[in-house]
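S.K.: Here you go, one structure.
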Amino acid sequence: MKKNNELINKASKPTNSINQGKVQRREILKAAVAGAALFAGGAPAIHAQQKTIRFLNAEPSRDSVKALRVAAAEYERVSKVKVIIDTVVPDDAYSKLQASIAAGTPYDIGTLAFAGHVFILAEAGKLVPLNNLVSKHKWGPRILFPIKGQNYWYPYDYNFCWMYYRKDLYQQKGLKVPTTWDQMAENAKVLTGDGKFGVAQPLGNNAAAQWMSLGYMWADGVKMLDDNFSLVLDNPTNKPKVMAYFEFMKKMSPSMPQGMTQALFGTVLGQYSGGQVAHAPYAGRLMEVIEDKAPDLVSKTGFFMYPDSAGKGQAVNHGYDGWVVLNTPMKDESLKFMEWFTENQYINFLHSAPLHFQPARLDVYDDARWRAHPLIEKHADLVEFMKSLLTRKDVIIRSVDTEGPRIDSRPGKMFETFAITEGLQNVIYNGMPASEAVDVMSKKYRTVL
Amino acid sequence: MKVKAGPALFTLVSLVLLGIWSFFPIYWMIISSLRPEKELFDVPTLIPKTIDWQFTSYKNLLELTDYPLQFMNSIIVALAVVVITLIISIIIAYVVTRYRVPGKTMIVGSMLYAYMFPPLMLAIPLLSIFATLGLADSLIAVVLAHCTLTIPLGVWMLWGFFKVMPFDLEEAAMVDGCSRAGAFFRVVLPLSLPGIITVSIFSFLLSWTDYVFAFVLVSSDLNKTLPVGLASLIGSFDARWGELMAGATLIAIPLFFMFVFLGRYFIKGLAAGAIKG
Amino acid sequence: MQGFRTSSDKVLKWAFIASVSVVLLLILLPVLHAIQLSFYHSESFVSNKSWVGLGNYVRILNEIIFWKALSVGLIFGCLTIILQVCLGIAFALFLDRNFPGLPIIRGLVILPYLLPTVVVALAFQWMLDGTLGLLTIWSEQLGLGRPSWFENPYLAMTVVIVASVWTWTPFVTVSFLAALQTIPKSLYESAKVDGAGMWSRFWHVTIPMLLPMLMVIILLRSIWMFNKFDIIWLLTKGGPSSATEHLPILAYRRAFLQYDVGGGAAVATLSFLLLSLLILVYFYYYPLEEKEGSH
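Quick look at the structure:
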């Protein structure tokens, strides 16, 4: 549009001689032709001047979407590049990303929550390395997933899962924070009654169960894969521990509400904030939810890590999210956006779930801007606890999909078989002996290894 | 028919039971959306003790989603699907019943293939086709995808209609000076109106309730339809049972009213022999 | 039947060809693409593929889970269709009379069919919630304890069947109700005069007149129920332990979640072949052409 105006202005400048008149007419003609050409070919050209990046977001909460939209608007202001934010629920992010690539209309930036997905896309050549971005900062443990030395993934949070509990009920019944499975089962039992239950442990064939209910097993030092990606879950060291874990969960199951095979992330949040259960596994989001919907529970809520069988160790279940840049024609612009975003808007985005988006980048913890959030200030003890998980040597951080010596698709496949949740269901609901359940589970895992 | 006390009572009871069977899950959903949140965790009563006249769940729902936008998208798509389905089904069904067409069984039979594959597996190649045409992430793509579901059904139904309509009527009209098209519009169309309404309603419903195609073919929030919006609500953490019930209610109620008023045309349409096979 | 003679005939002919081509293109291209995927091994829709020919099929057919899914699909399909047809016919018979408030009851009866599946799934999940669900609480009050709706494989299958029957019976009801209107009352009168009772009238007048329509309904419903994905996925995701996992769900999990696109496509293709067989059998007994003579 600007060019059009310039030409028209030039053409309409007054002149004071016939020669200049001729020139003027020529100018007008030129302008008209140029204007017409510009208009005909120019409209799309003008659109082409506006570059667009498509960003697939997998954090559907209001505040996160708002944070991204604000960031996009700000970036457009400073760079003239438009960033379109599409939002899907986390479960759908990978299929959406795949579908968009397969159809030839790939997103430029995407969100992924499973290392296996990053691996698959990188192996297929669909991702752009982010080494420059990643190497600018220091990161916590087990959060970067380099593939052959390249970093294709820019994490934004940890979502460790630990156990929350009702301090007031503990006080009422004279209970102490459990350090062994037996104590945990006992506490849950004591707190079950009058229509209320001791603990909610999802047991369905879904990601929620594998995030919230396996922590006890990890605490006992169980390994699923060795450094050659062979299954060691049923070897002489691990098998007895897994059997004991199955039996412990069965022992604790009467203290769980009905319908645990249907329970999802939101179910557990609802049950704890509604006062139905005395213990609930979760990450920072639980605290955010009760601050919002059940504020009287905030002062009554404490937390501890998953105990092991003997009182010697503890664990949290691993969880994480991050972004990838896809290999599209806009990749240079995408990289520029990511550079700007991770310098200027990272903390704003993290603030959209201040306790749940536990920073993966270590510099954030010392950043006064991050610390300035009211919830982070209020729950300084929880934040300290979360931060300590990154440095303590006595905590095991594990998940099914991050087993093995490095990032690979095989643990991801194991995750998707849900063999372990089936094992739990077999023992708890179908009366299968623990030993047989472990064998069945191992057999299923071996089919994908 | 003479009304005897016994059978009449039996009929009445059966109808009431039928009504309850059909409506109860929805009734329960609506009621739950109107109860204050804390109460949802208490022992429920069939008639709610208190109704939340603030419609909190609804307010939360409207804050969380673009319900009005998604509603408009769903309506636009469904109406477009109805129009396109009618035009194409009429053309295909009419030609197949009035002209010699080689391989008509195969043509119509192969349209059924659309129903025989999991829609998600078809949706991805479809997305690819639309992307080549420059239609990815547009409501047009959704419309066309839905048409692959509705046209086979439309062709089947209208085929039945046109087949039992004797050609003599059109012939008579053409003898009187009408062109073929004229005969069609003056004779065939009015007689098959019930069938056309039936196809319209089925097409509308198939489009209105589709989730898979709308999910895969559309990315931006501007183009989302109602089922996609509601499903994404389920996956987010902000929504609780109250809001979910409110969302479901808002989808169900307009349909209910639409059908109370249009129901008799629908039945008439089917009655006039649409499903004569 | 005639050829395309006049110019308006020709216009129609080209319109026909255009329509059919577009429709078949939009249907067949994706189907062929999906079938083609089954001959490759690939971990995602974007990974490099390697040709395995019939390898995926051999592997799938040797897995117990495939046959289990097939049987689940057949059980689910048969039970839901039988129930839908029987209940649908019964409901239609009840509604085939005039009484005040008929439009309202009719509206209520078809309401389940109008709802998007996600709404149906939500409504049932809400009623069957392990702690807060109405049916759970009633069951407890009746002394039956809190049923494990979704943990017990038989209960889970029942839930899925009931939800499907609830949702799709109205299709049968309304179709049958409409078709009932076409039976001349005189037929019933003469049957009554001959001394036929209610059941006899139904069996010897109603059913024979409506058999062709019934067969179409059964065919369509069979295809649709065998392939029904949404309702089962939303309610149980195929659980517990694949107790409600039929072929479409198995295909979906393989292709989209378990990094086995070729396997998923093979399952889908096998399911497709089975349905094609069903349709061929149907067309053998009820060919499209023969119907011309029967009216």
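Residue numbers (this note's numbering), protein chains in the order written: chain A, 622 to 1070; chain B, 2 to 278; chain C, 3 to 297.
Heads up, the beta-carbon is just placed ideally off N, CA and C, and yes, glycines get one too.
Nearest to residue 137 of chain B by CA position, among B:257, B:28, B:230, B:218, is which residue?
M.R.: Looking at the Cα atoms, B:218 is the closest of the given residues.
S.K.: Looking only at DSSP bridge pairs, what is residue 969 of chain A linked to?
M.R.: BP columns for residue 969 of chain A are empty, so no partner.
S.K.: At a CB distance below 9 angstroms, what residues from the stretch 825-858 of chain A approach chain C? Give them in sequence order.
M.R.: Listed by position, the residues of the stretch 825-858 of chain A near chain C (Cβ gap below 9 angstroms) are 825, 826, 827.
S.K.: For residue 916 of chain A, count neighbouring C-beta atoms within 10 Å of its own C-beta (all shown protein chains included) and say buried if the count is 16 or more, exposed if not.
M.R.: The residue in question, residue 916 of chain A, is exposed, as its Cβ has fewer than 16 Cβ neighbours within 10 Å.
S.K.: DSSP state of residue 250 of chain C, grouped into three classes?
M.R.: Residue state, collapsed to three classes: helix.
S.K.: With 7 angstroms set as the bound, which would you pick, yes or no: does the beta-carbon of residue 724 of chain A sit closer than that to a beta-carbon of chain B?
M.R.: Yes, contact with chain B.
S.K.: Can you tell which of A:976, A:866, A:741, A:990 has the C-alpha that lies nearest to the C-alpha of residue 968 of chain A?
M.R.: Residue A:990 is the option with its Cα nearest to residue 968 of chain A.
S.K.: Would residue 796 of chain A pass as a contact of residue 899 of chain A if the rule is Cβ separation under 7 angstroms?
M.R.: No, Cβ-Cβ distance for residue 796 of chain A and residue 899 of chain A is not below 7 angstroms.
S.K.: Starting from the N-terminal side, write out each stretch of the beta strand (DSSP E) that is 3 residues or longer and does not extend beyond the stretch 705-746 of chain A.
M.R.: Qualifying beta strand (DSSP E) stretches, in chain order: 730-733.
S.K.: Go ahead and pull the three-state DSSP assignment for residue 882 of chain A.
M.R.: Residue 882 of chain A: coil per DSSP, three-state reduction.
S.K.: Taking residue 168 of chain C as part of the alpha helix (DSSP H), name the residues at either end of that continuous run.
M.R.: From DSSP, the alpha helix (DSSP H) with residue 168 of chain C extends over 155-182.
S.K.: Can you find a CB in chain C that lies within less than 7 angstroms of the CB of residue 139 of chain B?
M.R.: Output row for residue 139 of chain B: interface = no.
S.K.: Give me whichever residues DSSP pairs with residue 676 of chain A in a beta bridge.
M.R.: Paired residues: A:706, A:730.
S.K.: If we count Cβ pairs, one from each stretch, closer than 8 angstroms, do we get three or more for the stretch 138-158 of chain C versus the stretch 197-216 of chain C?
M.R.: No, because fewer than three Cβ pairs between the stretch 138-158 of chain C and the stretch 197-216 of chain C fall closer than 8 angstroms, the two stretches do not touch.
S.K.: Give a yes or no on whether the minimum CB-CB distance between residue 1030 of chain A and chain C is below 7 angstroms.
M.R.: Taking Cβ atoms only, chain C reaches closer than 7 angstroms to residue 1030 of chain A, which makes this a yes.
S.K.: For chain A, is any of its Cβ atoms less than 7 angstroms away from the one on residue 261 of chain C?
M.R.: Judged by the 7 angstroms Cβ criterion, residue 261 of chain C is in contact with chain A.
S.K.: Under a three-way DSSP split, which group does residue 772 of chain A fall into?
M.R.: Looking at residue 772 of chain A - three-state DSSP - the assignment turns out to be coil, as it is neither helix nor strand.
S.K.: Would you say residue 58 of chain B reaches chain A, if we count a Cβ-Cβ gap shorter than 7 angstroms as a contact?
M.R.: For residue 58 of chain B, the answer is no, since every Cβ of chain A falls outside 7 angstroms of its Cβ.
S.K.: Taking contact to mean at least 3 C-beta pairs separated by less than 8 angstroms, is the stretch 238-254 of chain C in contact with the stretch 149-162 of chain C?
M.R.: Result yes; three or more Cβ-Cβ pairs closer than 8 angstroms.
S.K.: Quickly, what does DSSP pair residue 1017 of chain A with across the bridge? List them, please.
M.R.: BP columns for residue 1017 of chain A point to A:936.
S.K.: Specify, as a first and last residue, the run of the beta strand (DSSP E) that residue 212 of chain B falls within.
M.R.: Looking at the DSSP string, residue 212 of chain B is not in any beta strand (DSSP E), and its letter there is neither H nor E.
S.K.: Which residues does DSSP list as the beta-bridge partners of residue 53 of chain C?
M.R.: Its beta-bridge partners are C:42.
S.K.: Per the DSSP calculation, residue 979 of chain A is bridged to which residue(s)?
M.R.: Per DSSP, A:779.
S.K.: Do residue 785 of chain A and residue 888 of chain A count as a contact pair if the criterion is CB distance below 7 angstroms?
M.R.: Taking 7 angstroms as the Cβ cut-off, residue 888 of chain A and residue 785 of chain A do not qualify as a contacting pair.
S.K.: Am I right that residue 209 of chain B and residue 79 of chain B are in contact with their C-beta atoms under 8 angstroms? What's the rounded C-beta distance?
M.R.: At roughly 5 angstroms, the Cβ-Cβ gap stays under 8 angstroms, so residue 209 of chain B and residue 79 of chain B are in contact.
S.K.: Take every Cβ of the stretch 118-128 of chain B, pair it with every Cβ of the stretch 715-730 of chain A, and state whether three or more of those distances are shorter than 8 angstroms.
M.R.: A contact exists between the stretch 118-128 of chain B and the stretch 715-730 of chain A.
S.K.: Taking the straight line between their C-alpha atoms, what separation do you get for residue 68 of chain B and residue 24 of chain C?
M.R.: If I take the Cα positions, the gap works out to 33 angstroms.
S.K.: I'd like the list of long-range same chain contacts for residue 572 of chain A, defined as Cβ closer than 7 angstroms, with 5 residues on each side in sequence excluded.
M.R.: Residue coverage of chain A in this structure runs from 622 to 1070, which leaves residue 572 of chain A outside it and unanswerable.
S.K.: How is residue 841 of chain A classed by DSSP in three states: helix, strand or coil?
M.R.: Residue 841 of chain A: coil per DSSP, three-state reduction.
S.K.: Where residue 155 of chain B and residue 184 of chain B are concerned, what is the direct C-alpha to C-alpha distance, given to the nearest angstrom?
M.R.: Roughly 21 angstroms between the two C-alpha positions.
S.K.: Can you say whether residue 759 of chain A is buried or exposed, counting buried as having 16 or more other CB atoms within 10 angstroms of its CB?
M.R.: Exposed: under 16 other Cβ atoms inside 10 Å.
S.K.: In angstroms, rounded to a whole number, what distance separates the CA positions of residue 82 of chain B and residue 151 of chain B?
M.R.: Answer to the nearest angstrom: the Cα atoms are 8 angstroms apart.
S.K.: To the nearest angstrom, report how far apart residue 207 of chain C and residue 189 of chain C are at their CA atoms.
M.R.: Answer to the nearest angstrom: the Cα atoms are 7 angstroms apart.
S.K.: Return the chain-ordered list of same chain residues with a C-beta closer than 6 angstroms to the C-beta of residue 244 of chain B, the five sequence neighbours on each side being excluded.
M.R.: Cβ neighbours of residue 244 of chain B beyond the five flanking positions: 58, 61, 62.
S.K.: Between which two residues does the beta strand (DSSP E) holding residue 922 of chain A run?
M.R.: 922-925 is the extent of the beta strand (DSSP E) around residue 922 of chain A.
S.K.: Taking DSSP's pairing of strands, which residues face residue 760 of chain A in a bridge?
M.R.: Paired residues: A:982.
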